[in-house]
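Chemist:
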Amino acid sequence: MKNVGLLGLLMILCASGVWAQPPKTFDWVRASDEIVQLDPMDFHAGRVYHAGPDGGNMHVIIHSKQPVTIAMTWARSWDQALLHPESLGSLEYRCVREHVTDTTYECHLPPSTPMVLVLHDERTADRVIVQGIRAIVGKAGGRQLVSPNDVQITYHSWSCVQNCIQPEYKWILLAREKYDVSTSAKLYSVIPEYDGQRVWVKIKAKVPMTLAILPSAAADQAFDKPDTIASALAQTSCKQRGVQTMEFECKLNRGDGPQSLIAMPESPTRSRKKAEIEFQTLKCVENCDLIASETADNK
25 MKNVGLLGLL
35 MILCASGVWA
45 QPPKTFDWVR
55 ASDEIVQLDP
65 MDFHAGRVYH
75 AGPDGGNMHV
85 IIHSKQPVTI
95 AMTWARSWDQ
105 ALLHPESLGS
115 LEYRCVREHV
125 TDTTYECHLP
135 PSTPMVLVLH
145 DERTADRVIV
155 QGIRAIVGKA
165 GGRQLVSPND
175 VQITYHSWSC
185 VQNCIQPEYK
195 WILLAREKYD
205 VSTSAKLYSV
215 IPEYDGQRVW
225 VKIKAKVPMT
235 LAILPSAAAD
245 QAFDKPDTIA
255 SALAQTSCKQ
265 RGVQTMEFEC
275 KLNRGDGPQS
285 LIAMPESPTR
295 SRKKAEIEFQ
305 TLKCVENCDL
315 IASETADNK
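Quick note: to get our numbering, add 24 to the position in the sequence shown (first position is 1).
Structure below.
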């Protein structure tokens with residue numbers, strides 16, 4: 025089946041307004057919140073991000089009671105450093121932001137590499153005093169005498185926010201046939217379901233061929249009376265004459281009713297030459313009522 029250039033075709037169709045559907049709109053949307061308490065010089069690992077083969081972006085909002093440093097680092101390096109906490113400060117970091125209390129933090133992430141969000145409390149404590157207090161009143165009591173830094177991390181996801189439900193399309197095979205060319209024409213039918221429906225034809229033949237998309241009634245008449253093909257061809261712009269190897273596309277409208285692809289040799293032939301033909305259409309498979317409503321609004 026046809027599988028080359030379909031994405032490009034869909035983009036062209038959308039850009040040209042064939043379906044008159046407004047494009048999807050994307051933005052950063054609040055996903056979840058995380059609240060942590062940091063002691064002086066503490067590190068905190070937030071969410072791990074898994075960017076795709078082209079990399080990616082992340083977006084968080086930070087509210088911190090005391091200044092913190094925000095950065096991204098490789099998740100694997102972070103996990104290894106946790107076994108040796110003294111090495112946390114010497115890791116390689118990206119997108120470093122210092123002295124942050126309130127900010128929107130963004131970073132472009134490298135491709136196919138898990139990265140972790142890291143926060144570091146910038147305060148320095150007199151460890152001798154703190155250790156002395158903890159020795160007297162216990163670890164929990166020592167912490168109470170050092171005010172924790174309350175930090176809120178609001179994570180966001182890149183999501184559709186407008187026009188999110190769109191018609192979805194898929195190329196459907198209508199016919200694929202290899203046959204012996206004769207004086208008789210070949211007919212393949214399609215019923216357009218929306219305005220601007222695309223059809224795609226591929227022909228490979230040993231003899232020159234005429235191909236056209238005609239109203240089914242005209243195609244049936246040309247099949248029964250080949251001498252009427254000339255007048256039928258004069259009524260359509262979707263036609264190719266004298267071709268042997270070719271691909272072409274046409275656009276059909278729902279109001280045109282049933283249509284047929286007719287394929288016949290350019291001139292009568294008695295030799296059993298082979299021809300291969302493939303016929304596809306771009307069919308709506310999901311949310312097709314949106315096309316119908318759009319068409320009705322435009323009439």
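In this text, a Cβ means the ideal position worked out from N, Cα and C, and glycines have one as well. Being a predicted model, the structure only gives us computed values, none of them experimental.
I'd like to know if the segment 185-192 and the segment 259-266 are in contact, where contact means that at least 3 CB-CB pairs between them fall below 8 Å.
Modeler: no
Chemist: With 16 other CB atoms within 10 Å as the buried threshold, where does SER114 fall?
Modeler: By the 10 Å Cβ count, SER114 comes out exposed.
Chemist: For a test of the three-state rule: what should DSSP assign to PRO232, helix, strand or coil?
Modeler: In the three-state scheme derived from DSSP, where H, G and I count as helix and E and B as strand, PRO232 is classed as strand.
Chemist: State the Cα-Cα distance for the pair GLU310 and PRO282, rounded to the nearest angstrom.
Modeler: 22 Å
Chemist: Can you tell me where the alpha helix (DSSP H) holding LEU257 begins and where it ends?
Modeler: 253-257
Chemist: Starting from the Cα of VAL231, find the closest Cα among PRO289, ALA55, PRO172 and give me that residue.
Modeler: PRO289
Chemist: When burial is assigned at 16 or more other CB atoms within 10 Å of the CB, is GLU302 buried or exposed?
Modeler: buried
Chemist: Which of the three DSSP states, helix, strand or coil, is assigned to ARG296?
Modeler: coil
Chemist: Do you know offhand how far LEU112's Cα is from ASP63's?
Modeler: Roughly 16 Å separates the two Cα atoms.
Chemist: Is DSSP giving ILE227 helix, strand or coil here?
Modeler: strand
Chemist: So what's ASP63 in DSSP terms, helix, strand or just coil?
Modeler: coil
Chemist: With a Cβ-Cβ cutoff of 9 Å, do TRP224 and LEU133 count as a contact?
Modeler: no
Chemist: Which residues bound the beta strand (DSSP E) around ALA95?
Modeler: 80-98
Chemist: Between the Cα of SER88 and the Cα atoms of THR293, GLU146, ASP51, which residue gives the shortest distance?
Modeler: A check of alpha carbon separations from SER88 across THR293, GLU146, ASP51 identifies GLU146 as the nearest.
Chemist: What number of angstroms, rounded off, separates the C-alpha of HIS83 from the C-alpha of SER213?
Modeler: When rounded, the separation of the alpha-carbon atoms in HIS83 and SER213 is 51 Å.
Chemist: Taking only the alpha-carbon atoms, compute the straight-line gap between THR93 and LEU106 and give it to the nearest angstrom.
Modeler: 18 Å
Chemist: Taking the C-alpha atoms as reference points, what is the distance between THR252 and ALA246?
Modeler: It is roughly 5 Å from the alpha-carbon of THR252 to the alpha-carbon of ALA246.
Chemist: Can you tell me where the beta strand (DSSP E) holding ASP174 begins and where it ends?
Modeler: 173-186
Chemist: Return the CA-CA distance between GLU217 and ASN277, expressed in angstroms with no decimal places.
Modeler: 8 Å
Chemist: Using the C-alpha atoms, what's the distance from LEU314 back to GLN90?
Modeler: Approximately 51 Å, taken between the alpha carbons.
Chemist: Could you give the first and the last residue of the continuous alpha helix (DSSP H) run that contains ASP244?
Modeler: 240-248
Chemist: Near VAL140, what residues of its chain come up, given a Cβ to Cβ distance below 8 Å and the 5 sequence neighbours on each side ignored?
Modeler: ALA69, GLY70, ARG71, VAL72, TYR73, MET96, THR97, TRP98, ALA99, TRP102
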